[in-house]
Structures are given as C-alpha cells and as structure tokens.
Amino acid sequence: DGSLAMLTVDFSNAFNMVDRSALLQEVRVRCPSISLRVEFLYGHAARLYLGDGHIMATAGVQQGDPLGPLLFALVLHPLIHKIRDNCNILLHAWYLDDGTIIWDSEEVAKSLDTIRATGPGLGLHLNICKTEIFWPSCDESKLREGLFPPTLGGRCLGEIAQRCC
1 DGSLAMLTVD FSNAFNMVDR SALLQEVRVR CPSISLRVEF LYGHAARLYL
51 GDGHIMATAG VQQGDPLGPL LFALVLHPLI HKIRDNCNIL LHAWYLDDGT
101 IIWDSEEVAK SLDTIRATGP GLGLHLNICK TEIFWPSCDE SKLREGLFPP
151 TLGGRCLGEI AQRCC
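Each residue of the sequence shown is one higher than the last, beginning at 1 in the UniProt record's numbering.
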C-alpha cells in the first residue's frame with residue numbers, strides 16, 4: 001500500500017529528562033503501594049556531586065535506580081494512551097524510550113503530532129536525529145507534501161540512508 005508508513009521514535013536523554021511531577025502523579029494513581037518510597041526519592045531535587053562541586057537534579061530518574069525503567073514507563077503511559085485514543089493506528093509498540101508506529105501515513109503523522117504536542121509536558125522530547133519514517137515503497141513525496149517535518153529522516157525500506165545530525 002502506497003500510504004503505509006512506519007515511524008521509529010526515540011526520545012532525547014529520556015531517562016534524565018522525564019518530568020518528576022508527571023512521574024509522581026502516575027505513581028500515585030497506578031502504583032500507590034510504592035508511592036511513599038518514590039515520593040521520598042523523587043519528591044525533591046537530588047544533590048549530585050561533580051568533582052569538588054554539586055548540581056541539583058530536578059528531572060529524570062536516578063541512574064542505577066532499579067525502579068528507573070518502571071518509573072519511566074509510567075510517565076510514557078499517558079502518551080501511549082493519547083496516541084491510542086486520538087489516532088487510528090494498526091500498531092504502536094514501545095520499549096521504554098523507543099517506539100514503532102505503523103499504519104496509514106496520515107494517521108502516523110497524526111501520532112507524531114500527538115507526541116510532539118504531549119511529550120514535552122511529560123519531559124519527553126523527540127530526538128529528531130534518531131526518529132525516522134519508512135515506507136514499503138518509495139513515497140518520499142510525503143516529506144515534500146508537509147505531512148512529516150522536513151528534518152525527519154525518510155527512506156524506503158531496504159534503502160541505505162546517510163544522514164548527519
């Protein structure tokens with residue numbers, strides 16, 4: 001089908017950038033049994049030592065926290081539901097900050113718009129250098145038509161693309 005498209009999604013520095021207020025809200029709603037522990041760990045800025053000084057971390061999950069992937073997934077959850085509810089998508093599958101969305105080009109573009117509109121409020125910012133659109137047959141006209149951002153890499157499946165960000 002000439003209108004079929006696949007979008008691969010990647011978020012920039014995702015684990016370090018998730019919004020902690022969104023994280024705490026999702027934990028309270030979806031995992032109340034661990035909310036006190038998570039509030040203790042993430043309810044305030046964390047002092048991170050760097051050489052002789054320190055910085056205050058106010059976003060993201062702590063590196064090495066065994067709950068980190070779960071907490072990240074909880075922040076991603078509302079975005080996944082918004083895509084499901086607002087877009088007619090055949091498939092969208094996620095493994096933490098990497099997602100794949102497949103269906104009609106217009107619906108895939110609509111899901112990308114949803115990610116761009118909703119993601120930043122959750123601390124999820126697209127890594128445009130790693131987010132790409134693919135077509136089963138050459139239809140790069142979609143990039144020229146304005147359906148997808150011109151900075152998004154586009155190619156036909158099986159094609160080797162060179163791109164520099």
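Positions of the beta carbon are idealized from the N, C-alpha and C atoms, including for glycine.
Run of the alpha helix (DSSP H) containing residue i, from where it starts to where it stops
i, result
"I80", "G68 to N86"
According to DSSP, residues forming a beta bridge with residue i
i, result
"G99", "V9 and W94"
"Y42", "According to DSSP, Y42 bridges with nothing at all."
"R30", "None; R30 has no bridge partner."
"L126", "F11"
"L23", "None; L23 has no bridge partner."
"L50", "G53"
"L4", "D104"
Spatial distance of residue i from residue j (CA atoms)
i, j, result
"V75", "R47", "22 Å"
"I115", "G51", "37 Å"
"P78", "G99", "14 Å"
"A45", "I55", "9 Å"
"I89", "S12", "24 Å"
"S3", "R37", "47 Å"
"D85", "F40", "33 Å"
"E132", "V9", "7 Å"
"L96", "L147", "26 Å"
"residue 188", "A5", "Since the first and last residues shown for the chain are 1 and 165, residue 188 lies out of range."
Range of the contiguous beta strand (DSSP E) that encloses residue i
i, result
"A117", "No beta strand (DSSP E) holds A117; the alpha helix (DSSP H) holding it covers S105 to T118."
"F134", "E132 to W135"
"A57", "G53 to A57"
Any non-hydrogen atom of the ligand ZN closer than 8 Å to residue i Cβ
i, result
"S21", "Because no ligand of any kind appears in the structure shown, any question about the ligand ZN cannot be addressed here."
- Message: For the stretch 115 to 128 against the stretch 18 to 35, do three or more pairs of beta-carbon atoms, one drawn from each stretch, fall closer than 8 Å, so that the two count as touching?
- Response: yes
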